[in-house]
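J.:
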Amino acid sequence: ADVTILTPYISSIPTNEMAQAFKAEGDKRGWNTTIIDTRNDFGQLASRIEDTVNARPDAIVLISVDHAQVGDQVAAAAAAGIPVVSLDGTAGKDVTVNVTSNNFDLGVMLSEELFKAIGGKGKIVKFYHSAHPGVHQRELGLDEVLKKYPDVRIAAAHFVKVPGPIDDGRIAMENFLRQFGDDIDAVWAAFDDPGIGAELAAESERPDAKFIIMGIDGNAQAVDMIKSCTHFKATLRQDFGKMAAIGAEQLDEVLGGGKVDSGEIYVPAVMITPQTLGVTCN
Amino acid sequence: MMSDLFGKYGTLFALILIVAAFAVASPGAFGTPGNLINITQQMSLLAIVSVGVTLVMAAGEFDLATASLVSFGGILVMVLFAAGVPAPLAFVIVLMAAGCFGAFSGFIVSHFQVLSFVATLAVGTIVGGVTFMLSDGATLFGGMPPGVRDIARGWTFGLPTLTWWMIGVSVAAWLLLDKIEFGRRLYAIGGNREAARLAGVRIVPNTMAAFALSAMLAALVGMLLTGRIGSANPTGGGGYLLTAYAAVFLGMTVFRDGEANVPGTLVGATIIAVISNGLTILGVSTFLQDIITGSIILAAVLVRRIGKAK
Amino acid sequence: MMSDLFGKYGTLFALILIVAAFAVASPGAFGTPGNLINITQQMSLLAIVSVGVTLVMAAGEFDLATASLVSFGGILVMVLFAAGVPAPLAFVIVLMAAGCFGAFSGFIVSHFQVLSFVATLAVGTIVGGVTFMLSDGATLFGGMPPGVRDIARGWTFGLPTLTWWMIGVSVAAWLLLDKIEFGRRLYAIGGNREAARLAGVRIVPNTMAAFALSAMLAALVGMLLTGRIGSANPTGGGGYLLTAYAAVFLGMTVFRDGEANVPGTLVGATIIAVISNGLTILGVSTFLQDIITGSIILAAVLVRRIGKAK
Amino acid sequence: MLLEVRHLGKRFDGVRALDGVDLSVVAGSVHGLLGENGAGKSTLIKTLSGLVTPDSGEIRVDGALRGIAGVREAEALGFRFIHQELSLVPHFTAVENCFVGRPYPRRGPVIDRAAMRARVEPAARLVAPDLPLDLPAGRMTTGQKQLVEIVRALMTDGARLIVMDEPTASLSDGEAERLHRAVRALAAQGVAVIFISHRLDEVLAICDRYTVLRNGRTTGTGGIVGTTRADLIRLMSGHEERRPAPSAPVAPGRPVLELSDLPFGPSGGSVSLTVREGEIVGLYGLVGAGRSSLLKLVWGARHHAGGRIRIDDVELAPGRIDRRIAAGAAYVPEDRRGEGLVTQRSIADNLAIADLSAVRTHARLPVASARMLSARAMAIRDQLSIKMASPWAKPLTLSGGNQQKLLFGRWSGRKIRLLILDEPSRGVDVGAKAEIHAIVRQLAAQGAAVLMATSDMDELLALSSRVLVMAGGVMTAELAGDDIVPKTIVAAAFAHSDRKEQR
Ligand SMILES: Nc1ncnc2c1ncn2[C@@H]1O[C@H](COP(=O)(O)OP(=O)(O)OP(=O)(O)O)[C@@H](O)[C@H]1O
Ligand SMILES: Nc1ncnc2c1ncn2[C@@H]1O[C@H](COP(=O)(O)OP(=O)(O)OP(=O)(O)O)[C@@H](O)[C@H]1O
Ligand SMILES: [Mg+2]
Ligand SMILES: [Mg+2]
């Protein structure tokens with residue numbers, strides 16, 4: 098079967114991992130998968146979905162796309178009878194199945210974990226990128242949890258520039274460290290990249306600083322930092338392999354004439370900490 | 017004679033060749049009328065932005081605020097809708113606001129003779145900041161009156177509505193640049209600013225008008241894009257910057273040597289749109305697409321240079 | 017006399033003013049020696065890319081492949097490390113590969129006289145595709161020999177290592193452009209290509225050399241960035257494109273009127289770095305930062321124009 | 032009195048360009064404005080056109096005091112200008128260039144191109160019947176561009192004063208003649224003309240009155256009748272004309288430049304010629320005859336398929352200008368702004384660009400020394416009496432004639448085997464022209480071969496030991512010795528158009 102994977106975010110780590118995992122699943126099943134990326138551009142994404150529909154593949158896979166952002170095009174695919182599998186997106190009537198970790202829940206989980214770790218009070222630095230709808234959901238999760246912790250205060254917030262989020266996060270953190278000195282308790286990173294930058298900033302500016310960092314994605318560099326007992330203490334890993342596997346399974350079912358189990362399937366996220374990695378830090 | 021034609025229209029021949037090649041490679045999908053019409057829809061937004069850029073470049077300047085203004089237009093119109101402003105009024109407000117930013121750039125560039133590259137980059141940064149503030153950095157969904165989507169979706173008189181927008185804007189800009197005195201003035205300024213000044217052409221108001229029109233077209237595209245995809249992103253216009261300039265510069269190699277011109281820009285935008293449509297339909301992966309796209313663009317401009325006797 | 021000085025060095029005064037203002041607003045954080053030294057580190061990569069761009073712009077051309085080459089350099093060096101190539105050899109291979117891309121752009125631009133904007137955009141697209149292919153679109157992490165990080169991290173002789181890189185590259189480029197015959201040739205080409213050609217300056221090899229050097233500096237930055245952040249992303253260099261040009265164009269308004277020059281570029285890069293450092297330290301929100309940054313840059317170039325009698 | 036200028040003064044950072052100029056122009060007269068290079072003529076003109084604001088003095092039009100603040104105000108007063116430096120929009124054709132800044136003829140809101148053409152044609156027929164009206168200015172020769180500027184100034188209605196700043200500098204006698212007739216016709220219609228030229232004979236021939244400037248000050252004014260060339264020169268320079276003793280013609284030596292079967296001309300023709308040591312070969316023709324193209328071909332700036340170019344028996348490939356320079360060749364281009372000067376760079380840089388090795392700090396290091404650059408510039412300044420503020424000033428701060436001298440000075444200090452000159456004294460004053468001629472003769476005497484294109488008949492006659500005449504891209508005559516007389520030369524220059532008419 099011909100399967101086309103479309104996404105605007107291929108160079109971001111989770112998206113890329115999912116795409117590669119899905120491709121691997123496809124290879125197992127003998128599918129011919131093609132990856133199309135539109136470099137953060139949704140206008141382009143709409144056009145490329147149209148082209149793909151015109152080329153009549155057997156299925157379309159959207160990764161990290163809220164289907165409402167390209168509603169007409171997804172509807173056109175559905176109308177043409179092409180199944181649309183969404184990974185890390187949203188469910189909808191034109192979407193055959195959406196396999197995801199709930200981003201809002203990820204935000205809630207991260208915030209709860211972080212706030213518990215600093216004893217329910219303190220100053221945090223927030224790194225965010227609300228232009229990405231999925232990441233924005235995590236920020237809303239944070240806002241929700243903040244209501245329960247009146248003693249946690251956002252001392253500074255930085256909108257992370259993409260491309261180049263690690264270095265942007267690093268430079269911002271260097272400057273925050275100058276501004277606040279030791280008066281920071283934690284870094285909340287909506288995705289791991291700026292958190293990695295924050296750790297690098299700490300290493301060069303204030304290696305003895307007390308604050309901790311937590312992020313989302315399970316980025317390998319972040320995991321490495323957690324393992325090395327740095328300030329980076331946890332990352333929530335969405336199970337991309339599992340998502341891709343479930344997505345491929347469901348698609349297999351559909352292509353064989355069957356039905357999906359449900360319009361939306363949640364894959365729980367996994368918390369990665371020094372403990373889960375089997376190291377003890379002091 | 018032959019080589020003369022090639023020298024003059026080489027890039028146009030290249031376009032025809034590209035279309036023909038794709039049509040042969042994929043007659044069932046690329047070559048269908050439906051797909052060709054769809055290409056006109058897909059290229060329409062890029063074409064409109066590029067036509068706006070053409071106006072500024074005719075006057076010999078750059079406008080790097082273009083991409084920010086696209087995002088700005090999309091976000092502002094959504095914010096206005098959400099605030100309950102009726103659609104027609106919202107459109108007018110957005111266009112006026114963008115026009116003011118454009119006129120401001122034009123004024124700085126022409127009156128103070130600041131290099132347009134720095135000036136418009138600075139204005140673009142400011143516009144970007146305003147856009148982020150308006151949207152709080154988030155993608156805006158919903159709140160769009162149903163009538164509004166129709167300006168950017170669906171079909172009118174047998175063609176996609178967006179295609180009509182492109183046709184309308186292009187014809188208007190072509191009239192403006194090639195048939196009206198205003199256009200002659202812009203080209204005179206762009207061709208030799210000093211000569212235009214010596215001849216009494218009023219540099220400042222004409223340059224301001226070019227920037228303002230270009231900014232308004234960018235904001236229009238922002239609104240149309242929002243209509244097309246149903247949401248507005250504060251960096252949604254980012255992709256248009258380099259591609260629009262690519263279209264205009266490609267177009268400068270067609271029809272008229274080294275002068276930005278509307279028909280040329282359309283050829284440029286078509287080349288870009290056809291390549292990505294064709295390659296996607298052929299199932300070429302993005303990474304390879306980039307390499308092929310770059311090579312085809314190079315070939316398209318070189319064809320003409322090589323055709324031209326030295 | 018006073019207004020003369022202002023006309024010539026207005027942008028430099030603007031920089032001093034900006035630094036002074038931040039130092040007053042935040043003496044405890046901004047004004048500390050530690051922070052000022054840290055600014056030199058934060059600006060170093062931008063400065064090196066911008067210095068490379070300065071070389072190309074001295075010859076009157078644009079190089080839009082710069083950003084892609086930064087990403088390319090970072091990815092390729094990681095791929096080579098992963099393949100077990102020893103570090104020094106890997107560095108050389110990356111620089112050579114980038115140099116070839118640069119020389120290729122320079123050849124197309126000067127020999128076929130294709131507008132550098134289109135040509136380098138096309139080459140940049142190709143380089144981008146190659147980079148994505150090399151990395152499969154993924155961020156590359158790990159496999160970096162420990163010695164390699166040290167070229168971009170830590171301190172050497174009392175200053176951050178990256179600061180030394182910036183100083184070294186800037187001094188070399190300044191010698192090249194202002195002291196050596198090669199630089200005079202580039203400036204002659206950039207000032208009046210035809211006059212330079214008729215005076216016996218060889219356009220093609222000189223332009224190719226400028227593009228090759230610029231590409232090599234971009235790839236160097238890619239490698240240093242990788243060392244600095246510990247991983248390489250296939251779009252990691254994207255942020256440098258507009259900022260580098262902003263630095264160079266800002267610099268063109270200092271010291272020499274309308275000519276890209278190394279000291280000016282450094283002033284430009286410093287302005288950009290200082291603003292973002294200062295505003296972050298003052299706790300200004302990102303969106304407002306954009307608006308303020310744009311306004312300060314405008315003011316910095318206008319100061320000079322207004323100082324200059326018309 | 033149509034125009035009265037009193038005690039006008041203007042300084043440019045330290046340089047006194049105008050230092051109390053007086054000028055009165057009556058309607059219906061042709062007024063010659065004369066002065067050495069840098070005397071302030073162009074600056075005076077720019078104050079009239081609103082491009083330069085004078086520091087002191089007054090301008091009266093029809094007796095009323097006027098401050099002319101901008102180009103449009105000058106136009107409204109009925110003033111039209113041909114500025115010394117060509118300023119055309121390169122992409123525009125001759126017709127389009129004539130309308131820049133002027134109201135266009137329109138049908139409804141749309142520009143009426145046919146009417147534009149119809150308005151340009153009469154003026155074009157008058158002064159430049161051969162001018163290609165539909166060629167973009169960027170592809171015209173310098174002479175053709177000059178003609179476009181002239182047509183542009185002549186075309187408009189409502190002109191009361193037309194100022195022409197060296198309109199004939201790159202025209203040959205044929206075109207200049209037509210311009211002279213047009214100028215007289217304008218005067219007869221009551222239009223005043225200010226005519227600036229370094230060709231004193233034409234000033235004496237067509238002007239009614241003259242005003243002479245020296246160092247920014249009026250040194251004399253009066254009627255032309257009864258005035259002689261010597262009078263004018265005395266007023267301009269403050270001393271009698273110094274005519275250098277004509278050096279004895281040198282016996283031609285070995286061939287230096289040899290062209291064999293070089294493809295050239297519109298109909299697949301070719302050119303072969305030899306220039307020997309000590310010879311000065313003059314190349315004459317009408318505007319667009321192909322002289323500059325031929326020189327560029329020789330210089331290697333254009334490609335040619337087939338044919339051979341040899342300097343001192345070394346064959347040279349097209350495109351290798353550096354090799355020609357190494358072989359001892361030198362070239363002075365025609366269009367100083369477009370092809371000669373790098374205007375953003377200093378005077379010192381412009382003088383060094385063709386021979387950077389002459390200003391090295393150390394013979395083996397490719398490092399340019401600021402001290403050497405400046406020393407070289409000062410030496411050339413003294414040699415060619417260039418009026419400049421400092422070696423680090425930009426070339427555009429020099430007067431037109433002084434800019435021209437920079438192109439010449441560029442080759443100073445080298446051993447020259449072949450000197451290729453394209454209108455070498457364009458816009459240069461009488462004294463400086465004599466100096467340039469002396470240098471050319473001296474170089475020839477030292478064994479250089481000289482190939483010189485010129486539109487200036489006096490220059491041609493004064494220097495050439497042999498004359499080649501071109502018409503329409505074809506060599507129509509080769510004259511030597513006593514055959515070099517203006518009548519024969521002009522006849523040969525028109526040979527092409529005669530042939531065309533016969534057909
Ligand atoms: N923009 C300027 N900046 C500085 N000096 C200038 C400027 N324009 C003119 N000058 C100086 O003013 C003087 C008069 O120049 P002007 O161009 O009026 O001479 P001119 O009589 O037209 O000479 P030519 O016959 O060579 O054209 C010269 O010394 C020149 O260097
Ligand atoms: N760059 C160009 N592109 C196309 N045609 C050109 C170009 N330059 C010159 N020509 C044409 O070539 C012919 C010869 O030009 P050339 O410059 O050799 O004449 P010329 O005898 O030197 O005249 P002038 O006195 O005007 O300089 C002219 O008819 C001109 O229109
Ligand atoms: Mg003059
Ligand atoms: Mg000529």
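Heads up: the protein sequence lines correspond to chains A, B, C and D, in order. For the working numbering, count along the first sequence from 1 and bump the result up by 97. For the working numbering, count along the second sequence from 1 and bump the result up by 16. For the working numbering, count along the third sequence from 1 and bump the result up by 16. For the working numbering, count along the fourth sequence from 1 and bump the result up by 31. Beta carbons are placed, not taken as given, at the ideal position from N, Cα and C, and that holds for glycine.
(1) For F43 of chain D, verify whether its CB is less than 6 Å away from any heavy atom of ligand 1.
(2) Are the beta-carbon atoms belonging to F288 of chain A and I313 of chain A less than 7 Å from one another?
(3) Once you ignore the five residues that flank V220 of chain B on each side, which residues in its own chain have a CB closer than 6 Å to its CB?
(4) Taking 7 Å as the cut-off, decide whether the C-beta atoms of V283 of chain C and L71 of chain C are in contact.
(5) Run through chain D and tell me which residues come within less than 7 Å of V217 of chain B, C-beta to C-beta.
(6) Relative to the C-alpha of E197 of chain C, which residue among D:E370, D:L404 and D:Q434 is closest?
(7) Quick one: Cα of A154 of chain B to Cα of P161 of chain B, how far?
(8) Grouping DSSP H, G and I as helix and E and B as strand, with all else coil, what is L297 of chain A?
(9) If you measure from the CB of S323 of chain D, is any heavy atom of ligand 4 nearer than 6 Å?
(10) Could you name the residues of chain C that R376 of chain D contacts, counting a contact when the two beta carbons are closer than 9 Å?
(11) Thinking just about the alpha-carbon of each residue, which of A:L239, A:D99, A:G353 and A:N129 is nearest to the one in R250 of chain A?
(12) Regarding T199 of chain D and ligand 4, is the C-beta to nearest heavy atom distance less than 6 Å?
(13) Any residues in the region 237-271 of chain C with a beta carbon nearer than 8 Å to a beta carbon of chain B? Which ones, in chain order?
(14) Counting beta carbon pairs with one atom in the region 202-213 of chain A and one in the region 223-241 of chain A, are three or more of them shorter than 8 Å?
(15) Could you please tell me which residues of the region 220-243 of chain A, in chain order, have their CB closer than 8 Å to any CB of chain C?
(16) From which residue to which residue does the alpha helix (DSSP H) around W190 of chain C run?
(17) Closer than 6 Å to a non-hydrogen atom of ligand 4 - does that hold for the CB of E365 of chain D?
(18) So does the region 358-365 of chain A actually touch the region 38-51 of chain B, counting three or more Cβ pairs closer than 8 Å?
(19) Just to confirm my understanding: we take A48 of chain D, look at its own chain, exclude 5 residues before and 5 after, and list those with CB closer than 6 Å. What are they?
(20) Work out the CA separation of S42 of chain B and S132 of chain B for me, nearest whole Å.
(21) Measuring CB to CB, does P422 of chain D end up less than 7 Å from A410 of chain D?
(22) Whole angstroms are fine: how far does the CA of V290 of chain C sit from the CA of M17 of chain C?
(23) Is V86 of chain C near A188 of chain C, with beta carbons less than 7 Å apart?
(24) Sort out for me which residues DSSP pairs W423 of chain D with in a bridge.
(25) If you count every other CB in all the chains shown that lies within 10 Å of the CB of C238 of chain D, and 16 or more means buried, which is it?
(26) Mind listing the chain A neighbours of Q129 of chain C? Cutoff is C-beta to C-beta under 7 Å, in chain order.
(27) Quick check on this structure: which residue in D:E346, D:V312 and D:R307 has the alpha carbon closest to the alpha carbon of L293 of chain D?
(28) Strictly under 7 Å for the Cβ-Cβ distance: is S118 of chain D near chain B by that measure?
(29) Excluding five sequence neighbours on each side, which residues of the same chain lie with their C-beta closer than 8 Å to the C-beta of P85 of chain D?
(30) Give a yes or no on whether the minimum CB-CB distance between V102 of chain D and chain B is below 7 Å.
(31) Quick one: residues in its chain with C-beta nearer than 6 Å to the C-beta of H62 of chain D, no 5 flanking neighbours on either side, listed in chain order?
(32) Output the distance between the C-alpha atoms of A420 of chain D and Q434 of chain D, rounded to the nearest integer angstrom.
(33) Sorted by chain position, which residues of the same chain lie with C-beta nearer than 7 Å to G81 of chain D's C-beta, five sequence neighbours on each side aside?
(34) Would you mind listing the beta strand (DSSP E) stretches within the region 50-93 of chain D that are 3+ residues and don't spill past its ends, in chain order?
(35) State the beta-bridge partners of V249 of chain A as determined by DSSP.
T.: Inspection of the coordinates gives the following:
(1) yes
(2) yes
(3) S126 and H127
(4) no
(5) V131 and G132
(6) D:L404
(7) 20 Å
(8) helix
(9) yes
(10) R200, Y203, A204, G207, N208 and E275
(11) A:L239
(12) no
(13) L258, Y261, A262, F265, L266, M268 and T269
(14) yes
(15) none
(16) T177 to W190
(17) yes
(18) no
(19) K41, G71, T74 and G247
(20) 44 Å
(21) no
(22) For M17 of chain C, the pLDDT reaches just 43, beneath the cut-off of 50, and the residue's location in the model is therefore unreliable, leaving the point undetermined.
(23) no
(24) Beta-bridge pairing links W423 of chain D to no other residue.
(25) buried
(26) In chain order: nothing, as chain A lies at least about 30 Å away.
(27) D:E346
(28) yes
(29) L39, G40, K41, L49 and T78
(30) yes
(31) V56, I225 and R240
(32) 13 Å
(33) I99, A100, G101, V102, E104 and A105
(34) 61-66 and 87-92
(35) A:G219
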